[in-house]
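Trainee: What follows is a structure written as structure tokens; I'll ask about it next.
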Amino acid sequence: MIKRYLFILLIFFSISASAQNVLIAYFSHCGENFGVGNIEEGNTAKVAKIIAKETGGTLFEIVPEKPYPLDSYERTCAISIEELTNKARPAILNKVPNFDQYDIIFIGYPIWWNDAPMIIYTFLEEYDFSKKTVIPFSTSASKDVKRVEYKVAQAANAEYVRNGINIIGKLAQFRTYEAEEIIHNWIYTFGTFNMKNE
Ligand SMILES: Cc1cc2nc3c(=O)[nH]c(=O)nc-3n(C[C@H](O)[C@H](O)[C@H](O)COP(=O)(O)O)c2cc1C
């Protein structure tokens, strides 16, 4: 009996302590968006929040210094194509508080032109991931989208990389319950969050 209680206590402490070292950093664009109309919360933001609920991790929204237009999908397209062509590194307005405290970092982004938005590369170049576990996730319009997790992981130069996931934007936006189930099953494959000691 005592052994059983000790075991439960051990599990409790390992989960609650580990949640503190999980960061969910994401970029997401709301307003006029592809296939979902004018949205108040971006598709990737929705996924990031589900991951935060699943893991108990801390959310960090990557906010561009120069916001992308909220009222025009076409203008967002034009700006982002130019950034992609020039391999731009759009500036980020905010900084992750206490970055050092995190061991496991989820990095989320919408797929833009078969790539991550350039601001994600700004983020990856601004911090040192060499002792971190990185888990990329994305949302996209198409289910046959080119996955760029490998590219993102390489740019992060992380110590460990875990299999990422791509969720269809419309599903995240309008069928959140289904997205929750997919994300739950994906997170479950990681076991505990103390992944470095696996
Ligand atoms: C500038 C831009 C480029 C996009 N490029 C692609 C693409 O190459 N492939 C795709 O499947 N979806 C593409 N999309 C759709 C987004 O990936 C999709 O709507 C995503 O869920 C948006 O996430 P967000 O609301 O978090 O920004 C693009 C959207 C925008 C605004």
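Letter by letter, the sequence shown follows residues 1425 to 1622 in our numbering. The C-beta atom is built at its ideal place from N, Cα and C for all residues, glycine as well.
Cβ atoms of E1549 and S1496: under 8 Å apart, would you say?
Mentor: The residue you call residue 1496 lines up with position 72 of the sequence shown. The residue you call residue 1549 lines up with position 125 of the sequence shown. For the 8 Å CB-CB criterion, S1496 and E1549 do not form a contact.
Trainee: What is the rounded straight-line gap between the Cα of E1602 and the Cα of N1609?
Mentor: Here residue 1602 corresponds to residue number 178 of the sequence shown, with the count starting at 1. Here residue 1609 corresponds to residue number 185 of the sequence shown, with the count starting at 1. Near 11 Å, if we compare the C-alpha coordinates of N1609 and E1602.
Trainee: Exposed or buried, what is V1487 when buried is set at 16 or more other beta-carbons lying within 10 Å of its beta-carbon?
Mentor: To locate residue 1487, count along the sequence shown from 1; it is residue 63. Exposed: under 16 other Cβ atoms inside 10 Å.
Trainee: In whole angstroms, what is the alpha-carbon distance linking T1479 and N1590?
Mentor: In the sequence shown, the residue the question calls residue 1479 occupies position 55. In the sequence shown, the residue the question calls residue 1590 occupies position 166. About 18 Å.
Trainee: Give me, in chain order, the residues of the same chain whose beta-carbon lies closer than 8 Å to that of I1607; leave out the 5 immediate sequence neighbours on both sides.
Mentor: The sequence position of residue 1607 within the sequence shown is 183, counting from 1. Hits under 8 Å: V1471, I1474, I1475, E1478, I1589, I1591.
Trainee: Excluding the 5 residues flanking E1507 on each side, which residues of the same chain have their C-beta closer than 7 Å to its C-beta?
Mentor: As a working note, residue 1507 is residue 83 in the sequence shown. Same-chain partners within the cutoff: P1514, M1542.
Trainee: Can you tell me which of the three DSSP states T1613 falls into?
Mentor: As a working note, residue 1613 is residue 189 in the sequence shown. Residue state, collapsed to three classes: coil.
Trainee: Keeping to the same chain, check which residues put their C-beta closer than 7 Å to that of E1464; ignore five residues upstream and five downstream.
Mentor: Position 40 of the sequence shown holds residue 1464. These residues qualify, in order along the chain: C1454.
Trainee: Have a look at G1615 and D1527 and give me their C-alpha separation to the nearest angstrom.
Mentor: Within the sequence shown, numbered from 1, the residue matching residue 1615 stands at position 191. Within the sequence shown, numbered from 1, the residue matching residue 1527 stands at position 103. Taking the straight line from one Cα to the other gives about 15 Å.
Trainee: Output yes or no for whether 8 Å exceeds the beta carbon distance between I1531 and V1576.
Mentor: As a working note, residue 1531 is residue 107 in the sequence shown. As a working note, residue 1576 is residue 152 in the sequence shown. Yes, the pair counts as a contact, with Cβ atoms nearer than the cut-off.
Trainee: Please state whether DSSP places E1605 in a helix, a strand or coil.
Mentor: Looking up residue 1605 in the sequence shown gives position 181. Of the three classes helix, strand and coil, the one that applies to E1605 here is helix, per DSSP.
Trainee: Quick one: what's got a C-beta closer than 6 Å to P1493's C-beta in the same chain, skipping five residues either side?
Mentor: Here residue 1493 is taken as the residue at index 69 of the sequence shown, counted from 1. Excluding sequence neighbours, P1493 sits near R1499, T1500.
Trainee: Any idea if P1534 is buried or exposed, counting beta-carbon neighbours within 10 angstroms, 16 or more meaning buried?
Mentor: Counting from 1 along the sequence shown, the entry for residue 1534 is found at position 110. P1534 comes out buried.
Trainee: Note down the Cα distance separating F1523 from T1600, rounded to an integer number of angstroms.
Mentor: Numbered from 1 along the sequence shown, position 99 holds the residue referred to as residue 1523. Numbered from 1 along the sequence shown, position 176 holds the residue referred to as residue 1600. Distance between the alpha carbons of F1523 and T1600: 29 Å.
Trainee: Can W1610 be considered in contact with ligand 1, in the sense that its beta carbon sits closer than 7 Å to one or more heavy atoms?
Mentor: The residue you call residue 1610 lines up with position 186 of the sequence shown. No, ligand 1 has no heavy atom inside 7 Å of this Cβ.
Trainee: Is N1581 closer than 8 Å to F1547 when the C-beta atoms are compared?
Mentor: If you number the sequence shown from 1, residue 1547 lands on position 123. If you number the sequence shown from 1, residue 1581 lands on position 157. No, they are not a contact pair.
Trainee: Classify S1566: buried if its beta carbon has 16 or more other beta carbons within 10 angstroms, exposed otherwise.
Mentor: Residue 1566 sits at position 142 when you count from the first residue of the sequence shown. Exposed, since its Cβ has fewer than 16 Cβ neighbours within 10 Å.
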